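Residue numbers (this note's numbering): 3 to 260.
As structure tokens, this is what we get:
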């Protein structure tokens with residue numbers, strides 16, 4: 003009886019260790035890939051351009067930046083297919099007892115990359131404001147501004163990266179189809195409000211897409227950040243992202259390497 007109750011714990015621990023090993027493998031591929039450099043360059047280009055003008059509204063600038071982060075992470079997720087090694091991945095897949103771990107590791111990689119991008123995107127305006135002697139924004143930055151911006155960028159970034167992971171050859175046989183659909187989906191997601199106003203019928207479909215637009219728009223609805231009015235949107239974004247990751251893992255396990 004005691005042995006039976008203790009048995010699952012070592013197994014779960016072994017799976018957690020295996021997941022971390024897969025994550026390290028994915029991270030090494032990411033670090034040694036030149037294809038991931040362009041989105042990072044574009045991020046710094048945007049930050050440098052966006053915060054070269056002053057003064058500007060705090061939450062509005064973060065809201066726009068979150069949409070840029072989403073598109074860049076979407077591109078990174080799409081480009082993951084170009085840094086994968088099918089033969090090695092297939093070998094790892096065969097040797098992995100719990101197949102979900104291989105694809106969960108990729109979701110962890112996206113979470114890690116998004117964490118880095120969120121940190122840079124939140125710190126850049128803070129440092130820029132200090133350099134400009136607190137004249138970059140219309141009002142003084144608060145701790146709540148920086149912390150909320152970090153989580154805004156992180157959540158939206160993870161969603162963008164995982165959305166991009168779906169654009170792979172095992173789901174879409176033609177790479178061109180995956181790229182075109184990713185571009186169209188990215189534009190519809192960030193322009194959800196404008197598209198919905200012009201084409202009412204589109205609203206029947208856009209509700210199934212990541213609530214990136216909803217979170218970013220409501221985030222800057224007030225001059226100061228108030229969690230009491232925004233926690234539901236952050237929770238919605240987090241729940242959707244977890245569902246998205248779960249769906250990606252399940253689909254990829256089902257597809258195997260056929």
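The beta carbon of each residue, even a glycine, is placed where N, CA and C say it ideally should be. Being a predicted model, the structure only gives us computed values, none of them experimental.
query	result
Residue 108 burial status per 10 Å Cβ neighbour count (16 or more: buried)	buried
Nearest to residue 111 (by Cα), restricted to the options 156, 92 and 67	156
Bridge partner(s) assigned by DSSP for residue 139	58
Three-state class that DSSP yields for residue 222 in the structure shown	coil
When 163, 98, 212 and 49 are compared against residue 38, the one with the closest alpha-carbon	163
DSSP-derived helix/strand/coil call for residue 12	helix
Residue 172 versus 256, 21 and 196, residue with shortest Cα-Cα distance	256
C-alpha distance - residue 98 paired with residue 87, whole-angstrom precision	16 Å
4-residue-minimum alpha helix (DSSP H) runs that sit fully inside the stretch 106-182, ordered along the chain	145-167
Beta-carbon proximity of residue 221 to residue 232, cut-off 8 Å	yes
Cut-off 7 Å between Cβ atoms - residues of its own chain near residue 265, not counting five sequence neighbours on either side	Residue coverage of the chain in this structure runs from 3 to 260, which leaves residue 265 outside it and unanswerable.
Residue nearest to residue 55 in terms of C-alpha spacing, selected from 127, 42, 114 and 224	127
Counted within 10 angstroms of its Cβ, other Cβ atoms place residue 36 as buried (16 or more) or exposed	exposed
Exposure label - residue 136; buried when at least 16 CB within 10 Å	exposed
Alpha helix (DSSP H) segments (min. 4 residues) lying fully within the stretch 48-92	60-81
Whole-number beta carbon distance between residue 105 and residue 250, since they are thought to touch under 8 Å	7 Å
Rounded C-alpha distance that separates residue 47 from residue 120	15 Å
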